[in-house]
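Here numbering that gives the first Met the number 0 is used: the first residue of the sequence shown is 0, the next is one more, and so on. In this text, a Cβ means the ideal position worked out from N, Cα and C, and glycines have one as well.
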Amino acid sequence: MAIDIGGTGLKASVLDSKGNMITERVRVATPPKCPPKLLVETLASLVAPLPHYDRVSVGFPGEAPPQLVVETQARVVGPIPHNE
Numbered sequence: 000m001a002i003d004i005g006g007t008g009l010k011a012s013v014l015d016s017k018g019n020m021i022t023e024r025v026r027v028a029t030p031p032k033c034p035p036k037l038l039v040e041t042l043a044s045l046v047a048p049l050p051h052y053d054r055v056s057v058g059f060p061g062e063a064p065p066q067l068v069v070e071t072q073a074r075v076v077g078p079i080p081h082n083e
């Protein structure tokens with residue numbers, strides 16, 4: 000499953016192992032001033048009708064600590080070299 004958390008829309012689709020979409024993309028508007036609980040509830044409703052999936056990939060825009068890599072278990076892996 001791929002989820003795109005955007006400033007104006009939340010989008011999702013299920014992909015196969017080669018990255019091909021196997022469902023049509025679904026979309027809802029991002030709730031204004033969206034607190035985390037509402038975001039999770041809205042995403043759960045968005046993806047509920049989609050078929051089974053084994054993995055989830057999420058894109059989320061915004062500011063983050065510069066040049067940090069965070070792995071799936073939320074541990075900081077290390078800095079990324081950055082050329083300014």
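- The secondary-structure analysis by DSSP pairs V57 across a beta bridge with I2.
- In terms of Cβ geometry, L49 and A28 do not form a close pair [threshold 9 angstroms].
- Under the DSSP assignment, A43 falls outside any beta strand (DSSP E), being part of the alpha helix (DSSP H) whose first and last residues are 35–46.
- Cβ atoms of I4 and V55 stay farther apart than 8 angstroms, at about 12 angstroms.
- The secondary-structure analysis by DSSP pairs L14 across a beta bridge with M20.
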